[in-house]
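Residue numbers (this note's numbering), protein chains in the order written: chain A, 1 to 114; chain B, 115 to 224.
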């Protein structure tokens with residue numbers, strides 16, 4: 001079974017530029033999450049999708065971050081404009097509603113904002 | 115979601131058994147205890163989950179006392195490749211959301 005795919009793996013941009021991350025969850029997983037992980041800390045949930053609907057985006061900085069999952073499969077997370085403090089690893093995870101024990105994480109996208 | 119407390123870091127040696135304890139005094143009746151492992155440059159990986167007493171799988175064992183206010187992740191005969199951050203989480207299985215703390219950085223020495 002293929003895991004969660006993310007791209008790109010690394011991205012370097014200057015502040016005020018925009019950037020987009022892509023996630024392809026495990027096939028059949030209805031729930032998809034985006035997390036932000038700052039160095040030395042645990043992942044922080046940004047947004048949760050159930051199919052193509054948003055379940056929780058309470059911790060998403062909506063003035064600069066946006067995310068979509070139009071067809072209930074792939075998802076994109078965008079930052080516009082980026083700030084220095086957005087430097088972090090952005091993790092995508094998915095979960096099978098029928099097997100609620102675990103979230104399956106992708107390798108993450110490491111973002112550096114200069 | 116109940117808050118968890120675990121040691122910031124631990125060191126051990128190859129071949130030893132490692133026990134990482136997590137306290138969760140405010141655990142609710144419907145909450146399960148879940149542990150994730152994260153290697154550098156990778157996303158977290160589910161290790162084990164339990165509700166009470168003892169759970170064992172091919173990777174680890176999880177011990178939960180009767181009051182469920184704490185739990186212990188046990189890794190038998192660790193190797194260098196077990197060096198990672200281990201996160202203890204408490205969550206309602208019906209709730210899709212989990213909250214990560216800072217985790218325990220386990221460093222295995224040769």
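Where is the CB? At the ideal position from N, CA and C, for every residue including glycine.
Where residue i falls: helix, strand or coil (DSSP)
i                      : result
residue 195 of chain B : helix
residue 176 of chain B : strand
residue 68 of chain A  : strand
residue 39 of chain A  : coil
residue 114 of chain A : coil
residue 60 of chain A  : coil
residue 206 of chain B : strand
Pair within 8 Å by beta-carbon distance, residue i and residue j
i                      : j                      : result
residue 3 of chain A   : residue 104 of chain A : yes
residue 203 of chain B : residue 127 of chain B : no
residue 182 of chain B : residue 199 of chain B : no
residue 112 of chain A : residue 87 of chain A  : yes
residue 161 of chain B : residue 173 of chain B : yes
residue 156 of chain B : residue 135 of chain B : no
residue 185 of chain B : residue 213 of chain B : no
residue 210 of chain B : residue 144 of chain B : no
residue 122 of chain B : residue 216 of chain B : yes
residue 32 of chain A  : residue 66 of chain A  : no
residue 114 of chain A : residue 38 of chain A  : no
CA-to-CA distance, residue j to residue i, given in whole angstroms
i                      : j                      : result
residue 190 of chain B : residue 36 of chain A  : 31 Å
residue 106 of chain A : residue 8 of chain A   : 12 Å
residue 177 of chain B : residue 46 of chain A  : 31 Å
residue 71 of chain A  : residue 22 of chain A  : 14 Å
residue 129 of chain B : residue 139 of chain B : 32 Å
residue 43 of chain A  : residue 14 of chain A  : 23 Å
residue 221 of chain B : residue 124 of chain B : 6 Å
residue 84 of chain A  : residue 94 of chain A  : 28 Å
residue 63 of chain A  : residue 179 of chain B : 45 Å
residue 34 of chain A  : residue 52 of chain A  : 14 Å
residue 194 of chain B : residue 153 of chain B : 12 Å
residue 27 of chain A  : residue 5 of chain A   : 11 Å
residue 24 of chain A  : residue 108 of chain A : 12 Å
residue 82 of chain A  : residue 118 of chain B : 32 Å
residue 166 of chain B : residue 133 of chain B : 17 Å
residue 48 of chain A  : residue 77 of chain A  : 12 Å
residue 197 of chain B : residue 131 of chain B : 13 Å
residue 19 of chain A  : residue 68 of chain A  : 14 Å
Could you pull out every unbroken beta strand (DSSP E) segment of at least 3 residues lying fully inside the stretch 125-173 of chain B, listed in chain order?
-> Runs found: 132-137, 145-152, 159-164, 167-170.
Residues of the stretch 78-112 of chain A whose Cβ lies closer than 9 Å to any Cβ of chain B, in chain order | Within the stretch 78-112 of chain A, the qualifying residues are 89, 91, 92, 93, 95, 97, 100, 101, 102, 103, 104, 105, 106, 107, 108, 110.
Quick one: which residues of the stretch 120-136 of chain B get their C-beta closer than 9 Å to a C-beta of chain A? List them in chain order.
-> The stretch 120-136 of chain B vs chain A, Cβ under 9 Å: nothing.
Chain B contacts from the stretch 48-72 of chain A (Cβ-Cβ distance under 9 Å) = Of all residues in the stretch 48-72 of chain A, 48, 50, 55, 56 have a Cβ within less than 9 Å of some Cβ in chain B.
Please name the residues in the stretch 155-173 of chain B whose beta-carbon is closer than 8 Å to at least one beta-carbon of chain A, in chain order.
-> Taking 8 Å as the upper bound on Cβ-Cβ separation, chain A lies near residues 155, 156, 157, 158, 159, 160, 163 of the stretch 155-173 of chain B.
Quick one: which residues of the stretch 17-50 of chain A get their C-beta closer than 9 Å to a C-beta of chain B? List them in chain order.
-> So the list reads 31, 33, 35, 37, 40, 41, 42, 43, 44, 45, 48, 50, given in the order they occur along the chain.
Can you list, in chain order, the residues of the stretch 192-208 of chain B whose Cβ is nearer than 7 Å to any Cβ on chain A?
-> For the stretch 192-208 of chain B, the set of residues with a beta-carbon nearer than 7 Å to any beta-carbon of chain A comprises 201, 207, in chain order.
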